[in-house]
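Enquirer:
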Amino acid sequence: MRKTAKFEDCFAELISLPSVSCIDPAHDQSNRGVIDALANSLDALGFVCEIMPLSDNPEKCNLIARYGDGEGGLALSGHTDTVPYDAKGWDTDPFKLTKMNGNYYGLGTADMKSFFPIIFETLERMADVKFTKPITVVATADEESTMSGARAIQQANKALGRYCIIGEPTGLVPRYSHKGIILETILLQGRSGHSSDPALGNSALEGMVDVMNALRRWRSELQAEYHNNEFKIPVPTLNLGRIQGGDSANRICANCELAMDLRMLPGMEITSLKEKMHRVVKESLAGSGLTVEFSSLFDGTPPMQTSINSEIVRMSEKYTQTSASSVAFGTEGPFFNDMGLETVILGPGDIDVAHQPNEFLQIDRIEPMINILSKMINHFCEGK
Ligand SMILES: [Zn+2]
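The numbering of the sequence shown is this note's numbering, which starts it at 431 and goes up by one.
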């Protein structure tokens with residue numbers, strides 16, 4: 431394996447390249463700068479790089495870079511995007527990597543641009559090792575918004591290896607499962623009219639009361655049916671998060687919209703849950719004369735569960751000397767698992783500082799992560 435730029439130079443360059451992804455187009459940016467910088471570094475290390483623009487938005491790209499031939503091997507994956515930022519909340523320039531107080535500050539330091547220079551540094555130190563199985567570095571677009579990058583890789587069914595490490599911020603603790611999430615809106619349409627005579631209209635707001643009660647009963651049923659003690663909140667949750675309807679106290683409400691999220695446990699499936707939710711809502715409105723429309727704020731993140739007995743989980747426990755556990759946020763892991771890569775989430779940053787002003791990575795996490803990664807690469811790619 432050949433040499434690439436110094437760790438800090440590479441890290442600083444990635445932080446300097448804006449790559450915000452957001453469902454709101456006003457904040458959404460291309461990630462091409464980050465992808466090109468990563469491809470340069472990986473090319474210099476001797477990887478074969480494929481830049482994969484997303485078909486519905488070619489400004490957004492994934493990168494799949496492969497070193498070595500053969501079946502199996504290990505994929506190291508991270509997302510290239512960050513969440514939007516509020517510069518006023520930052521004490522430093524979010525796009526300038528700043529070393530201070532034992533930390534590296536900058537947007538995406540913990541979540542999760544740091545994973546890439548750590549991979550490069552690890553590989554450089556292993557320059558003399560010969561591998562019998564391939565190493566694949568995967569860099570995705572849009573993890574923070576729609577996960578469209580990981581979805582595109584799944585749809586293309588790219589050969590990425592047998593096992594996968596995603597370097598999301600877990601504070602060096604291996605994670606093998608998380609809940610899934612859907613964000614849904616329910617729009618009820620009735621008829622407005624003067625409030626003095628109920629027969630003049632059909633209240634969507636009153637219909638929504640029935641819908642919400644039905645959803646709360648359904649939530650109790652789900653929580654009675656599904657339970658998993660590996661999670662801090664061991665049951666599926668359903669939050670009624672936003673309601674909007676009506677315009678005046680003396681008018682019958684013509685339409686009312688409810689937004690909710692549902693966080694499901696491994697073993698629960700997005701499509702059938704949505705269908706069931708639609709049935710519950712429609713049944714609660716039977717005979718009301720109201721019409722209902724459903725929409726999804728995004729396609730949803732499936733729950734993730736890699737077997738605790740998978741070699742990737744067992745080896746990550748061995749090399750971190752920490753028991754694997756579940757994690758409270760969603761990742762691209764389920765898409766990789768679905769492609770047959772047994773996946774563990776394991777990275778140096780802390781989730782508590784991610785998506786926050788003054789995001790940072792503790793410098794003393796870097797060497798341990800390099801150490802863990804080199805052992806994992808050696809194990810799964812059979813370094814000799
Ligand atoms: Zn992340």
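Yeah, the Cβ is synthetic: ideal placement off N, Cα and C, and Gly gets one too. Keep in mind it's a predicted model, so treat the numbers as computed, not measured.
Keeping to the same chain, check which residues put their C-beta closer than 7 Å to that of Q584; ignore five residues upstream and five downstream.
Expert: Position 154 of the sequence shown, counted from the start, is the residue given in the question as residue 584. Excluding sequence neighbours, Q584 sits near F765, D768 and M769.
Enquirer: Note the first and the last residue of the continuous alpha helix (DSSP H) segment covering Q653.
Expert: On the sequence shown, position 223 is the one that residue 653 refers to. Where Q653 is concerned, the enclosing alpha helix (DSSP H) stretches over A634 to E655.
Enquirer: Along the beta strand (DSSP E) that carries T721, what are the first and last residues, could you check?
Expert: Looking up residue 721 in the sequence shown gives position 291. Element bounds for T721: T721 to S726.
Enquirer: How would you call P664, buried or exposed, if buried means at least 16 neighbouring beta carbons within 10 angstroms?
Expert: Residue 664 sits at position 234 when you count from the first residue of the sequence shown. So P664 ends up on the exposed side.
Enquirer: Taking 8 Å as the cut-off, does the CB of D782 come closer than this to any heavy atom belonging to ligand 1?
Expert: The residue labelled residue 782 in the question sits at position 352 within the sequence shown. Outside the cutoff, so no.
Enquirer: Run through DSSP, which three-state label would M734 get?
Expert: Taking the sequence shown and counting its residues from 1, one reaches residue 734 at position 304. Of the three classes helix, strand and coil, the one that applies to M734 here is strand, per DSSP.
Enquirer: Measuring alpha carbon to alpha carbon, tell me which of T576, V710 and E789 ends up nearest D454.
Expert: Stepping through the sequence shown from its first residue, residue 454 is reached at position 24. Nearest of T576, V710 and E789 to D454, Cα basis: T576.
Enquirer: Quick one: does H608 have its CB under 9 Å from some CB of chain C?
Expert: Of the chains in the structure shown, none is chain C; there is only one protein chain.
Enquirer: Would you tell me roughly how many angstroms separate the C-alpha atoms of L468 and G675, rounded to the nearest one?
Expert: Here residue 468 refers to the residue found at position 38 when the sequence shown is read from its first residue. Here residue 675 refers to the residue found at position 245 when the sequence shown is read from its first residue. One C-alpha to the other measures close to 48 Å.
Enquirer: For D627, does the three-state DSSP call read helix, strand or coil?
Expert: If you number the sequence shown from 1, residue 627 lands on position 197. Residue state, collapsed to three classes: coil.
Enquirer: Please classify V641: is it buried, with 16 or more other beta-carbons within 10 angstroms of its beta-carbon, or exposed?
Expert: Along the sequence shown, read from residue 1 onward, the residue named residue 641 stands at position 211. The residue is buried, with at least 16 neighbouring Cβ atoms inside 10 Å.
Enquirer: Any chance you could list the residues with Cβ under 6 Å from a heavy atom of ligand 1, keeping chain order?
Expert: This selection yields H509, D541, M542, E573 and E598.
Enquirer: Measure the C-alpha to C-alpha separation of V478 and R496 and round it to an integer number of angstroms.
Expert: Taking the first residue of the sequence shown as 1, we reach residue 478 at position 48. Taking the first residue of the sequence shown as 1, we reach residue 496 at position 66. Near 5 Å, if we compare the C-alpha coordinates of R496 and V478.
Enquirer: Grab me the residues of E660's own chain with a C-beta within less than 8 Å of its C-beta, minus the 5 sequence neighbours each way, in chain order.
Expert: The residue labelled residue 660 in the question sits at position 230 within the sequence shown. Only S607, S755 and S756 meet the Cβ criterion.
Enquirer: Beta-carbon separation of N669 and S626 under 9 Å?
Expert: One-based indexing of the sequence shown puts residue 669 at position 239. One-based indexing of the sequence shown puts residue 626 at position 196. Against a cut-off of 9 Å, the Cβ pair of S626 and N669 comes out as no contact.
Enquirer: For S607, which residues does DSSP report across the bridge?
Expert: Within the sequence shown, numbered from 1, the residue matching residue 607 stands at position 177. Answer is Q735 and S756.
Enquirer: Can you grab the Cα-Cα spacing for the pair S451 / H457, in whole Å?
Expert: Along the sequence shown, one-based indexing puts residue 451 at 21. Along the sequence shown, one-based indexing puts residue 457 at 27. C-alpha separation (whole angstroms): 7 Å.
Enquirer: Could you spell out where the beta strand (DSSP E) holding S746 opens and where it closes?
Expert: To locate residue 746, count along the sequence shown from 1; it is residue 316. No beta strand (DSSP E) holds S746; the alpha helix (DSSP H) holding it covers E741 to T750.
Enquirer: So D691 is in the beta strand (DSSP E); what residue range does that whole segment cover?
Expert: Position 261 of the sequence shown, counting from 1, holds the residue named residue 691. Its beta strand (DSSP E) spans residues N685 to M694.
Enquirer: Based on the DSSP output, what are the partners of L618 in its beta bridges?
Expert: For this step, residue 618 is matched to residue 188 along the sequence shown. C686 and V722.
Enquirer: Based on the DSSP output, what are the partners of S681 in its beta bridges?
Expert: Position 251 of the sequence shown, counting from 1, holds the residue named residue 681. Note on residue identity: the sequence assigns Arg, not Ser, to residue 681. In the DSSP output, where bridge partners are listed per residue, R681 has H624.
Enquirer: Could you pull the start and end residues of the beta strand (DSSP E) that T566 belongs to?
Expert: Here residue 566 refers to the residue found at position 136 when the sequence shown is read from its first residue. Element bounds for T566: I565 to T570.
Enquirer: Residues in the same chain with beta-carbon distance under 6 Å from S726, minus the five sequence neighbours each way, listed in chain order, please.
Expert: Taking the sequence shown and counting its residues from 1, one reaches residue 726 at position 296. Only E614 meet the Cβ criterion.
Enquirer: Rounding to the nearest angstrom, what Cα-Cα distance links T566 and S633 in this structure?
Expert: Sequence index remark: in the sequence shown, residue 566 carries index 136 (1-based). Sequence index remark: in the sequence shown, residue 633 carries index 203 (1-based). Cα to Cα, T566 sits roughly 57 Å from S633.
Enquirer: Tell me which residues share the same chain as I700 and place their Cβ nearer than 7 Å to its Cβ, disregarding the 5 neighbours each side in the sequence.
Expert: On the sequence shown, residue 700 is found 270 positions in, with the first residue counted as 1. Here the set comprises G610, I612, G730 and P732.
Enquirer: Quick one: grab the DSSP three-state call for Q584.
Expert: Position 154 of the sequence shown, counted from the first residue, corresponds to residue 584. Helix at Q584.
Enquirer: What is the DSSP secondary structure of L553, counted as helix, strand or coil?
Expert: Here the question's residue 553 lines up with position 123 in the sequence shown. In this structure, L553 counts as helix in the three-state DSSP scheme.
Enquirer: CA-CA distance, C683 and Q735?
Expert: Counted from its first residue, the sequence shown places residue 683 at position 253. Counted from its first residue, the sequence shown places residue 735 at position 305. If I take the Cα positions, the gap works out to 44 Å.
Enquirer: Going by C-alpha to C-alpha distance, which of N461, D473, L506 and G519 sits closest to C491?
Expert: What you label residue 491 is simply residue 61 of the sequence shown in a count that begins at 1. Considering only alpha carbons, the answer is N461.
Enquirer: Could you check the C-alpha separation between E551 and H509 for me, to the nearest Å?
Expert: Here residue 551 refers to the residue found at position 121 of the sequence shown. Here residue 509 refers to the residue found at position 79 of the sequence shown. Straight-line Cα distance between these residues: approximately 18 Å.
Enquirer: Please list the terminal residues of the continuous beta strand (DSSP E) segment that includes E480.
Expert: Stepping through the sequence shown from its first residue, residue 480 is reached at position 50. Where E480 is concerned, the enclosing beta strand (DSSP E) stretches over V478 to L484.
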